[in-house]
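S.K.:
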Amino acid sequence: MALLMKQEGGDATVHPQLRGTTPAQAIEMFLALLQDRLPVWLRTLDGLMHRAGKGRVNDNLLPVARGGIDYYADVQGAAMPAFISPSITVRFREALRETRLGPASEVAPLAQYLEEERRLGRVAADVNPESSARLLLAGCFRHAYYEMFIGTGSGLSRDESAQEIVRELRLEAVTPTTPALS
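Numbering (the working numbering) for the sequence shown: 393 to 574.
1. For R562, which residues in the same chain have their Cβ closer than 8 Å to its Cβ, ignoring the five residues on either side in sequence?
2. My guess is that G459 and W433 are in contact by the Cβ rule of under 8 Å, so how many angstroms apart are they, rounded?
3. Does DSSP put V432 in a helix, a strand or coil?
4. Run through DSSP, which three-state label would V519 get?
5. Touch check for the segment 520-536 and the segment 420-432: three-plus C-beta pairs under 8 Å?
6. With burial defined as no fewer than 16 other Cβ atoms inside 10 Å of the residue's Cβ, what is the status of I557: buried or exposed?
7. To the nearest angstrom, how far is the alpha carbon of R435 from that of S546?
8. Any idea which residues DSSP pairs E564 with across the strands?
9. Going by DSSP, what residue range makes up the alpha helix (DSSP H) through A457?
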């Protein structure tokens, strides 16, 4: 998805879906997009609790990582106009606080799932669930960010990236092997 392009007859760059809008309209459009996409994304995160104790932890997290990449790819390009000026950035932050659509709404359900899996002994005891949740989400955000600027096809696919993000968190508890008796 081409997210930035030159405006005809000028040097300004704009989000193509937001061409001709004021910064305030761009913020309102972004918040509308966020209100549309965020509930679906949060349902994906909230659904993890139903998977606690079932299947493999990494397998349970793969759809979350892939969904996170898709979610961030959908919304972060539309957020760019919110950072045009300090006053617009302040308005954007106020709107996020007013609507309670900030990062905590994403981290909390993922951290709760990881905490439950840790309690069940399926995630290593030394794992910090909240930090691991933030790292998983950061990996998803990073993939979507690079895809937005570099384009698809120049790195890992979304599926490959989701697998790498989950695998490299190294969350699953390692079960010690018992030596074979001779």
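Each residue gets a CB set at the ideal place from its N, CA and C atoms; glycine is no exception.
M.R.: On the basis of the supplied data:
1. A516
2. 6 Å
3. helix
4. coil
5. no
6. buried
7. 31 Å
8. V515
9. 449-471
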